[in-house]
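Take 43 as the starting number for the sequence shown in my numbering and just add one per residue.
A short worksheet on the structure shown next.
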Amino acid sequence: QALFARSGTSVSLTDAGRLYFDTVQEALSTIELATRQMAQGQDGGHRLIVRT
Numbered sequence: 043q044a045l046f047a048r049s050g051t052s053v054s055l056t057d058a059g060r061l062y063f064d065t066v067q068e069a070l071s072t073i074e075l076a077t078r079q080m081a082q083g084q085d086g087g088h089r090l091i092v093r094t
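Have a look at this one:
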């Protein structure tokens with residue numbers, strides 16, 4: 043199902059898009075908060091190291 047509907051130059055959420063957003067909004071807010079805290083050095087000293 044489409045999440046967005048286009049009308050000319052406008053883009054809006056479809057019903058499916060609104061449902062999806064409502065479902066993932068809390069998780070996205072948690073990720074945003076954690077990202078801000080990491081960027082401001084408020085992560086409590088935790089580090090993530092990824093080796094390739």
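Glycine included, C-beta positions come from ideal geometry on N, C-alpha and C.
The model shown is predicted, which means the values in this text are computed figures rather than measured ones.
Can you list, in chain order, the residues of its chain whose CB lies under 8 Å from that of residue 53, leaving out five sequence neighbours each side?
Apart from sequence neighbours up to five positions away, the residues of its chain that approach residue 53 with a beta-carbon distance below 8 Å are 46, 47, ordered along the chain.
Check residue 48 in the structure and name its three-state DSSP category.
strand
Is it true that the CB of residue 79 sits closer than 8 Å to the CB of residue 58?
no
Tell me the DSSP secondary structure of residue 90 in three-state form.
Three-state DSSP puts residue 90 in coil, outside helix and strand.
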